[in-house]
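Enquirer: Dropping the structure in here first, questions after.
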Amino acid sequence: MNREKKIIQTSIIGIIANIFLVIGKAIIGFIAHSVAILTDAINNLSDSLSSAITIIGTKLSNRKPDKKHPYGHGRVEYLTSLIIGMIVLAAGVMAIYESIMTLVENPVVEHSVASLIVMAVAIVVKIAVSIYFGKVGKQVNSEPLKASGKDAFFDALLSVATLIGIGTALLWNVNIEGYIGILIGLFILKTSYEILHDGISLIIGERASDDEVNTIKRIVTSFPEVHGAYDLIINNYGTGKSIASIHIEVDDKMTATQIHHLSKSIQAKVYAETGTILTVGIYATNEVSSTAKIIKDYVYDYISKQENVHQIHGFYLDEETKNISFDLIFDFKYDHPEKKIAEIIKHLKEKYPEYSFFVVQDTDFSD
13 MNREKKIIQT
23 SIIGIIANIF
33 LVIGKAIIGF
43 IAHSVAILTD
53 AINNLSDSLS
63 SAITIIGTKL
73 SNRKPDKKHP
83 YGHGRVEYLT
93 SLIIGMIVLA
103 AGVMAIYESI
113 MTLVENPVVE
123 HSVASLIVMA
133 VAIVVKIAVS
143 IYFGKVGKQV
153 NSEPLKASGK
163 DAFFDALLSV
173 ATLIGIGTAL
183 LWNVNIEGYI
193 GILIGLFILK
203 TSYEILHDGI
213 SLIIGERASD
223 DEVNTIKRIV
233 TSFPEVHGAY
243 DLIINNYGTG
253 KSIASIHIEV
263 DDKMTATQIH
273 HLSKSIQAKV
283 YAETGTILTV
293 GIYATNEVSS
303 TAKIIKDYVY
313 DYISKQENVH
323 QIHGFYLDEE
333 TKNISFDLIF
343 DFKYDHPEKK
353 IAEIIKHLKE
363 KYPEYSFFVV
373 QDTDFSD
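The opening residue of the sequence shown carries number 13 in the numbering used here; numbering runs sequentially from there.
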């Protein structure tokens, strides 16, 4: 079963389970005149809406690329998780509000054993849904399913609070639903914050995972002609939809034909193993002359001793123009890289006055 069908199938199961709970809780809530149970029923109805939104988001995210959106529509899934996060937020606010109103109004509630049975069944169902959604969400890497799984778990806790409240009311005629509901509502708000935070972070654009970076670099450097891999940039356009670029260092003497064959071979292997579309750029080792090698070795040794400089690459010495260029990657926390660059250029100019130095401040896109 492909990813889209699995997500839709899982969401439909969630909708059916929640509709079953809505009907049962609504009936018992009206009979017992319980605001807590009726609120729980409304919360389950919102869960059905979340699952429906997940289905719609999955369908939209799998639409084919068009002229206006050549990278596809995969990021719609991230928007879906934001919507679910807002639904969870609303559920948390509602839970707290209704709990406070229960404490203020202290309504007469007529609970029965049937109330206990319905809420116990609801807890089992929601825990099962939570585990199932979480498991499938991880399997297919679906943020909306993961968010719905967290929502279902806290729904189960909310039902536990209601169940405890029913139990204490039946046994000791003491109503503590409100206090427990407020506590659970706060936990729900915390979960909504996490879902919204993760969704917004994905939309802004997160750093590629170590596994993804290491896999691509392992493939690229597995070719004997490649002496180094740098500047790996991975742009994510939805789950399993990545476009990346990288620079590889090769011998100065390689011909255009050889480089063309190498880059195409790398692209094909990366796509076959990861599904990532990779563009390959070239750096020359620039060690064809003894002068270039001596200066390069000195520059690399000097840079390695500088604080807040993570990496140097792309060194190139042009004997004809007497220009030397290279890229530097600084720590993100370093506030004034331009001062360090000026200091490095000044030192190298004093060491090799016959050359001009051009330093590019690169970005640490991946490890």
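Cβ atoms here follow ideal geometry from the backbone N, Cα and C, with glycine treated the same way.
Owing to the predicted nature of the structure, the values given are computational and were not obtained by experimental measurement.
To the nearest angstrom, how far is the alpha carbon of G179 from that of Y109?
Expert: 22 Å
Enquirer: Kindly indicate which residue of N248, H348, K150, Q323 has the alpha-carbon position closest to the one of F338.
Expert: Distance from the Cα of F338 is smallest, within the candidate group N248, H348, K150, Q323, for Q323.
Enquirer: Where do the N-terminal and C-terminal ends of the alpha helix (DSSP H) with T233 fall, by residue?
Expert: 222-233
Enquirer: Shortest alpha-carbon distance to I353 belongs to which of P236, T291, D376, E319?
Expert: E319
Enquirer: Opposite F369 in the DSSP bridges: which residues?
Expert: I336
Enquirer: Does the distance from the CB of D59 to the CB of N30 come in under 8 Å?
Expert: yes
Enquirer: In chain order, which continuous runs of the alpha helix (DSSP H) of length 4 or greater are located wholly inside the region 265-349?
Expert: 268-286, 302-316
Enquirer: Given this structure, state the Cα-to-Cα distance separating I129 from A38, to the nearest angstrom.
Expert: 14 Å
Enquirer: On the DSSP letters alone, give me the boundaries of the alpha helix (DSSP H) that D380 sits inside.
Expert: Lying before the first or after the last residue shown, residue 380 is absent from the chain, which here runs from 13 to 379.
Enquirer: Where does the unbroken beta strand (DSSP E) through Y90 begin, and where does it stop?
Expert: That residue, Y90, is in no beta strand (DSSP E); its alpha helix (DSSP H) goes 88-117.
Enquirer: For the putative contact between L290 and A256, defined by C-beta atoms under 8 Å, what is the C-beta separation to the nearest angstrom?
Expert: 5 Å
Enquirer: Whose C-beta lies closer than 7 Å to the C-beta of A241 among residues of the same chain, with five residues either side of it excluded?
Expert: Shown here for A241: same chain residues with a beta carbon closer than 7 Å to its own, the five before and five after excluded, namely K229, V232, T233, I258, I260 in chain order.
Enquirer: Among N74, V100, E155, which residue has its Cα nearest to the Cα of T92?
Expert: Scanning N74, V100, E155 for the CA closest to the CA of T92 turns up E155.
Enquirer: Determine the DSSP secondary structure at E218, reduced to helix, strand or coil.
Expert: coil
Enquirer: What residue from Y310, S302, F42, N185 has the CA that sits closest to A126's CA?
Expert: F42
Enquirer: Evaluate contact between the region 246-255 and the region 80-95, counting only Cβ atoms and requiring at least three cross-stretch pairs below 8 Å.
Expert: yes
Enquirer: Is the CB-CB distance between S171 and I207 below 8 Å?
Expert: no
Enquirer: Excluding the 5 residues preceding and the 5 following Y249 in the sequence, name in chain order all residues of the same chain whose CB lies nearer than 8 Å to its CB.
Expert: Y83, G84, G86, R87, I255
Enquirer: Opposite A241 in the DSSP bridges: which residues?
Expert: Its beta-bridge partners are I260.
Enquirer: Contact between the region 59-79 and the region 90-107: three or more CB pairs below 8 Å?
Expert: The region 59-79 is in contact with the region 90-107.
Enquirer: In the DSSP assignment, what residue or residues form a beta bridge with N248?
Expert: S254
Enquirer: Report yes if the C-beta distance between I357 and L329 is below 8 Å; otherwise report no.
Expert: no
Enquirer: Compute the beta-carbon to beta-carbon distance between V225 and S378, rounded to the nearest angstrom, for a pair I have assumed lies under 8 Å.
Expert: Contact between V225 and S378 is confirmed by a C-beta separation of about 4 Å, below the 8 Å threshold.
Enquirer: Do I196 and A181 count as a contact pair if the criterion is CB distance below 8 Å?
Expert: Taking 8 Å as the Cβ cut-off, A181 and I196 do not qualify as a contacting pair.
Enquirer: Could you tell me whether the region 354-374 touches the region 286-303, where touching means 3 or more Cβ pairs closer than 8 Å?
Expert: Because the criterion of three Cβ pairs below 8 Å is not met, the region 354-374 and the region 286-303 do not touch.
Enquirer: T288 to S275, Cα distance in whole Å?
Expert: 14 Å
Enquirer: Using a Cβ-Cβ cutoff of less than 8 Å, which residues in the same chain neighbour T70 once the five nearest sequence positions on both sides are dropped?
Expert: Non-local C-beta neighbours of T70 in its own chain, meaning closer than 8 Å and more than five positions away in sequence, comprise E16, I19, I20, S23, E89, T92, S154, P156, ordered along the chain.
Enquirer: Just to confirm before moving on: does the CB-CB distance between I341 and D374 stay below 8 Å?
Expert: yes
Enquirer: Going by C-alpha distance, which of E189, L201, W184 is nearest A159?
Expert: L201
Enquirer: Exposed or buried, T114, counting other C-beta atoms within 10 Å across all chains shown (16 or more means buried)?
Expert: buried
Enquirer: Taking Cβ to Cβ, would you say E193 is nearer than 8 Å to S111?
Expert: It should be noted that the sequence gives Gly, not Glu, for residue 193. The answer is yes: Cβ separation under 8 Å.
Enquirer: On the CB-based measure, 16 or more other CB atoms within 10 Å of its CB, does T333 come out buried or exposed?
Expert: exposed
Enquirer: Report the residue from E117, I246, N335 whose alpha carbon sits nearest the alpha carbon of V282.
Expert: Comparing Cα-Cα distances from V282 to each of E117, I246, N335, the minimum goes to I246.
Enquirer: Using the Cβ count rule (16 or more neighbours within 10 Å means buried), how would you classify K138?
Expert: buried
Enquirer: Quick one, which of V321, G217, H325, I271 has its alpha-carbon nearest D347's?
Expert: V321
Enquirer: What does the Cβ neighbour count give for K162, buried or exposed, with the cut at 16 atoms within 10 Å?
Expert: buried
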